[in-house]
Amino acid sequence: MIAKDAPLSLLIVDDEAGIRRMLSITLADMGYHVLSAPDGTEALRLFEAHAPAIVLADIKMPGTSGVELLKAVKGRNADTEVIMMTGHGDLDAAIECLKLDAADYIIKPLRDDALEISLKRARIRIAMRSQLACYTERLERRVAEKTEQLVAAERRAAISQTIAGLSHAIKNIAGGLTGGAYCVDRGIERLTSNNAENTLEITEGWRMVKANVARISRLSMDLIHYAKTSHCRCGLQNPNSPMEAVAEDMRPKLSAAGITLDMTLCAGLEPVFLDPELIHQALLNLALNAMEAFEDPPGPDRRIALKTARSRTWGVVYQVRDNACGMDKAVQEKLFNHFFTTKGSNGTGIGLMIVKNIVETHRGKVLFTSRPGKGTQMTVLLPRGE
792 MIAKDAPLSL LIVDDEAGIR RMLSITLADM GYHVLSAPDG TEALRLFEAH APAIVLADIK
852 MPGTSGVELL KAVKGRNADT EVIMMTGHGD LDAAIECLKL DAADYIIKPL RDDALEISLK
912 RARIRIAMRS QLACYTERLE RRVAEKTEQL VAAERRAAIS QTIAGLSHAI KNIAGGLTGG
972 AYCVDRGIER LTSNNAENTL EITEGWRMVK ANVARISRLS MDLIHYAKTS HCRCGLQNPN
1032 SPMEAVAEDM RPKLSAAGIT LDMTLCAGLE PVFLDPELIH QALLNLALNA MEAFEDPPGP
1092 DRRIALKTAR SRTWGVVYQV RDNACGMDKA VQEKLFNHFF TTKGSNGTGI GLMIVKNIVE
1152 THRGKVLFTS RPGKGTQMTV LLPRGE
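Structure below.
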């Protein structure tokens, strides 16, 4: 591709030295970078060395003729503009050259205005070809990007279907285990009343089984909600409703853990375009993470604050804040990495992935601030319902 402001290179091919000299001066004055050759052999050598954009060649020359030179040039670079010069008696040869994709022909003796018009046409064709190449490259790039996005979307859809099927199977297994656990619990209660000394190992082992059943249930629900993020059912909703539902879900859990729940809902918020089930799940995951951030044994004044607020640029601001252990820089850098967890074997690493996917599906953002020993605040921003 030729730079926009670079002078075009032009090769003059004519066996008459006077014509070459006159054309070289004229074309240099027009702003061209001029090369010249007395015959076809020298012309091809210069062409291969310098790749001029335009060739101005006489049809009749000793040795390699202008027609043969035209074929050779076009064979090496079909985009080169070749203008043929001919005398009055060479019109048949000129027409043959046009059939071979010569840009134009001009009749000797050359007139400056005719030469200038012919060169202008050649420059226009070069510019159009360059512009077309740019458009084609841009189009191909966009097609490649869209194709990649489509393939990725199809892959995500397939993964979501697989996850959904797997998670429902896990959920069913966990349901059966929960039912069995209930029956064994009743048996252990009766056993402990008769032989308390021999039941310690049974009770501890059974506690571990129930804890793992809870983990399976949590994992299956995480997988279900991860799969659901590709099926967003959005509508104009009261943005306070998902946070109210989270507070209702969390109150008994937090009370049992000795954690105080504070909630502040902003009155008069405009409706926001959201899927209430998905946003509820995202906020619930953040609240559960906040609860699990508190270390054992329990300390004094453990609090989680849930808040909605208005913003000049966003439809709603959701905040989940705790005064737990906080996160160091290393953890913060990996926070949204796939399957990253700080909970060891007790974590799935999916919860924050779900939050991020849900919020990005709503064209929103997830932000956080955290200080070790002070706590963490997670912020979800959702756009206006326009």
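Using the numbering used here, the letters of the sequence shown map in sequence onto residues 792 to 1177. C-beta: ideal position from N, C-alpha, C; glycine also.
Inter-residue Cα distance where the pair is L818 and L826:
So the alpha carbons of these two residues sit roughly 10 angstroms apart.
Run through DSSP, which three-state label would M812 get?
Checking the sequence, you will find Arg at residue 812 rather than Met. If DSSP states are grouped into helix, strand and coil, R812 belongs with the helices.
Under 7 angstroms between the Cβ atoms of G1106 and V1063?
yes
Which first and last residues belong to the alpha helix (DSSP H) in which I1070 is found?
P1067 to E1083
Got a sec? Which residues, its chain only, sit under 6 angstroms from R1162 by beta carbon, not counting five neighbours each side?
G1117
Might you give, ordered along the chain, the residues of its own chain that have their beta carbon closer than 8 angstroms to the beta carbon of K795, omitting 5 neighbours on each side?
For K795, the pLDDT reaches just 45, beneath the cut-off of 50, and the residue's location in the model is therefore unreliable, although a value from the coordinates is still provided. Closer than 8 angstroms at the Cβ level, and outside the excluded window around K795, lies no residue.
Pick out whichever of G1176, Q1123 and L1027 has its Cα sitting closest to the Cα of V1157.
Q1123
Over the uninterrupted beta strand (DSSP E) stretch that includes M1118, give me the two end residues.
Unbroken run through M1118: none, as it is neither H nor E.
Please classify L1027 as buried or exposed, where buried requires at least 16 neighbouring CB atoms within 10 angstroms.
exposed
M852 (DSSP reduced to helix, strand or coil):
Looking at M852 - three-state DSSP - the assignment turns out to be coil, as it is neither helix nor strand.
Boundaries (first-last residue) of the alpha helix (DSSP H) holding I757
In the structure as shown, the chain starts at 792 and stops at 1177, and residue 757 therefore has no counterpart that could be examined.
Taking the runs of the beta strand (DSSP E) that are 3 residues or longer, which of them lie wholly in the segment 857 to 885?
872 to 877, all fully within the segment 857 to 885.
What first and last residue would you give for the beta strand (DSSP E) that runs through T1051?
Counting along the chain, the beta strand (DSSP E) containing T1051 begins and ends at T1051 to T1055.
Among the candidates T1167, K1125, L1065 and E939, whose CA atom is the shortest distance from the CA of G1155?
L1065
What residues are listed by DSSP as bridge partners for F1064?
L1027
If E872 and A894 are in contact, beta carbons under 8 angstroms, what's the gap, nearest whole angstrom?
4 angstroms
Write down the C-beta distance between M875 and C888 rounded to the nearest angstrom, noting that I regard them as a contact closer than 8 angstroms.
5 angstroms
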